[in-house]
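Residue numbers (my numbering), protein chains in the order written: chain A, 56 to 280; chain B, 48 to 256. Don't be surprised by glycine CBs; every beta carbon is placed ideally from N, CA and C.
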Amino acid sequence: MTRVHDMGGRFGDGTINPGAPDDPVFEQDWHARALAMTLAAGALGQWNLDMSRHARERLAPKDYAGFSYFEKWTAALADLLVETGVLSTDDLRGQGDAGRHLLADRALKAENVAAAFAKGGPTDRPFDAEPAFAPGQRVRTLRPAANRLVDGGHTRLPAYAAGAVGAVLRCHGAHVLPDAHAHGLGEAPEPLYTVVFPAGELWAAPENPRDEVTLDLWQSYLEPA
Amino acid sequence: MPHDHHDHDHDDPHALLPPDPALRVRALETLLARKGLIEPAALDEIIDTYQNRIGPRNGAQVVARAWADPEFRAALLQDATPVVADLGFFGRQGEHVIAVENTATQHNMVVCTLCSCYPWPLLGIPPAWYKSDAYRSRAVREPRKVLAEFGVTLPDETAVRVWDSTAEVRYLVIPRRPEGTEGMGVDDLARLVTRDSMVGTGVARSPSA
């Protein structure tokens with residue numbers, strides 16, 4: 056049911072290397088190029104943020120686990136460019152047409168970077184109806200944690216929080232629904248909530264009974280409890 | 048229900064590029080630039096932005112102001128997005144911001160178990176550990192063991208609340224103000240605020256340290 060990226064709560068990953076505060080922002084030059092290339096290619100407007108996240112998530116599990124962070128970004132970018140028809144597989148083989156691309160007029164220019172990044176991509180949207188849940192209300196998450204529009208599709212409900220009961224902490228108004236947006240099914244905005252769960256609701260052996268985990272969850276991920 | 052048709056196996060397009068990561072990135076960049084789809088100077092500009100201009104010093108300014116100015120703190124905790132925007136911190140990966148404050152009874156810590164969501168305008172590009180499998184998998188299940196690996200030990204009376212960033216809301220932790228900082232100005236206070244303290248895996252520096 057789940058994909059390899061959905062790793063919250065997983066055992067076996069070992070200790071964390073906290074690094075040092077003065078570690079370079081980009082460990083390798085190609086990390087920086089991969090990040091910048093991905094952001095610049097996104098400005099062509101051929102996919103949205105949810106589609107690019109999903110492209111990383113659906114890398115084959117062996118690739119997802121084996122690739123370093125920016126290798127995942129690069130692989131997902133190449134896959135998206137081909138899937139959206141921007142590039143052909145011949146292009147990737149180095150056998151494509153070298154001429155100027157039809158989308159070249161949309162390429163992000165250096166002088167427009169600051170403005171494009173300052174604008175960002177807010178995901179809040181107007182919404183006419185009242186939110187179904189109020190702060191303090193108890194809710195239960197869907198089980199299994201899965202996209203209900205597209206089988207195997209993108210969702211932001213992690214498996215570890217499936218079927219769990221928590222309390223609404225805050226409503227953020229309506230936001231674009233990733234489960235639809237990642238698949239070209241429109242923005243389908245719906246209310247987004249921060250829901251708080253006791254650690255004991257999620258884990259067999261919580262470290263401390265007072266501890267909690269919060270998740271940001273869309274209304275269709277929830278039912279009254 | 049329709050299926051997700053994008054699953055591939057051996058015929059993934061990315062496998063057509065050179066396998067070495069640095070060569071793979073260069074090959075794709077060269078290809079895109081030749082077709083006019085990316086401008087290499089724009090890539091340089093993006094890199095310069097996140098290498099030199101946007102980083103944890105931004106978030107530290109916000110925290111120091113919150114420590115020094117009760118009205119600012121109240122507004123920040125009420126609705127952080129416009130408050131940090133007034134200081135010039137807004138845009139990509141910081142469109143919707145919430146500030147959460149550490150106290151004697153509650154410690155906040157931020158993770159993105161599904162990918163690597165992080166408040167870029169306030170903290171810059173996330174460090175390697177934040178994106179690591181070990182942090183993503185363990186922070187929600189055993190935050191205290193994770194904190195210990197960062198050198199942070201909390202008393203049992205302090206509850207840990209871990210914020211899993213599953214939407215486009217980005218979280219900034221306001222660490223506890225260190226002892227012995229009474230009367231310090233905002234710039235001096237900001238120097239005590241570490242990146243990790245704003246993710247919740249560290250605490251602010253002591254002025255005597």
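Taking the continuous alpha helix (DSSP H) assigned at residue i, which residues delimit it?
i, result
"residue 125 of chain B", "117-125"
"residue 194 of chain A", "Premise fails: residue 194 of chain A lies in the beta strand (DSSP E), 193-196, not in any alpha helix (DSSP H)."
"residue 93 of chain B", "87-95"
"residue 189 of chain A", "No alpha helix (DSSP H) contains residue 189 of chain A, which DSSP labels as neither H nor E."
"residue 168 of chain B", "167-170"
"residue 190 of chain B", "190-196"
"residue 59 of chain B", "Neither: residue 59 of chain B is in no alpha helix (DSSP H) and is coded neither H nor E."
"residue 212 of chain B", "First-last for residue 212 of chain B: undefined, no H or E at that position."
"residue 245 of chain B", "242-246"
Using the rule of at least 16 other Cβ atoms within 10 Å of the residue's Cβ for burial, across every protein chain shown, is residue i buried or exposed?
i, result
"residue 220 of chain A", "exposed"
"residue 198 of chain A", "exposed"
"residue 164 of chain A", "exposed"
"residue 136 of chain B", "buried"
"residue 72 of chain A", "exposed"
"residue 76 of chain B", "buried"
"residue 169 of chain B", "buried"
"residue 232 of chain B", "exposed"
"residue 48 of chain B", "exposed"
"residue 226 of chain B", "exposed"
"residue 66 of chain A", "exposed"
"residue 150 of chain A", "exposed"
"residue 166 of chain B", "buried"
"residue 118 of chain A", "buried"
"residue 99 of chain B", "exposed"
"residue 78 of chain A", "exposed"
"residue 93 of chain A", "buried"
In three-state DSSP terms, what is residue i?
i, result
"residue 105 of chain B", "helix"
"residue 10 of chain B", "A query on residue 10 of chain B cannot be resolved here, the shown segment of chain B reaching from 48 to 256 and no further."
"residue 257 of chain A", "helix"
"residue 86 of chain A", "helix"
"residue 282 of chain A", "The structure shown does not extend to residue 282 of chain A, since chain A is modelled only from 56 to 280, so the question has no answer here."
"residue 252 of chain A", "strand"
"residue 50 of chain B", "strand"
"residue 102 of chain A", "coil"
"residue 137 of chain A", "helix"
"residue 278 of chain A", "strand"
"residue 180 of chain A", "strand"
"residue 206 of chain B", "strand"
"residue 147 of chain A", "helix"
"residue 142 of chain A", "coil"
"residue 246 of chain A", "strand"
"residue 77 of chain A", "coil"
"residue 68 of chain A", "coil"
"residue 67 of chain B", "coil"
"residue 206 of chain A", "strand"
"residue 166 of chain A", "helix"
Report the CB separation of residue i from residue j in whole angstroms; it is logged as a contact under 8 Å.
i, j, result
"residue 203 of chain A", "residue 179 of chain A", "Their Cβ separation, rounded to whole angstroms, is 22 Å, which puts residue 203 of chain A and residue 179 of chain A out of contact at 8 Å."
"residue 106 of chain A", "residue 237 of chain A", "5 Å"
"residue 50 of chain B", "residue 207 of chain A", "6 Å"
"residue 63 of chain B", "residue 148 of chain A", "5 Å"
"residue 124 of chain B", "residue 91 of chain A", "Not really, about 34 Å apart at Cβ, beyond 8 Å."
What residue range is occupied by the uninterrupted beta strand (DSSP E) comprising residue i?
i, result
"residue 217 of chain B", "216-221"
"residue 229 of chain A", "220-230"
"residue 145 of chain B", "143-148"
"residue 270 of chain A", "267-273"
*Mind the definition here: the segment 109-121 of chain B touches the segment 165-184 of chain A only if three or more C-beta pairs lie below 8 Å; say whether that holds.*
no
*asked:* Quick check: the segment 126-134 of chain B against the segment 248-256 of chain B, are at least 3 beta-carbon pairs closer than 8 Å?
replied: no
*asked:* I want to know whether the segment 148-168 of chain A touches the segment 83-90 of chain B - three or more CB-CB distances under 8 Å.
replied: yes
*asked:* Does the segment 129-141 of chain A come into contact with the segment 92-111 of chain A, if we say contact requires no fewer than three beta-carbon pairs (one atom in each stretch) closer than 8 Å?
replied: yes
*asked:* Three Cβ pairs or more, each shorter than 8 Å: is that satisfied between the segment 71-87 of chain A and the segment 203-216 of chain A?
replied: no
*Quick check: the segment 185-192 of chain B against the segment 215-224 of chain B, are there 3 or more CB pairs under 8 Å?*
no
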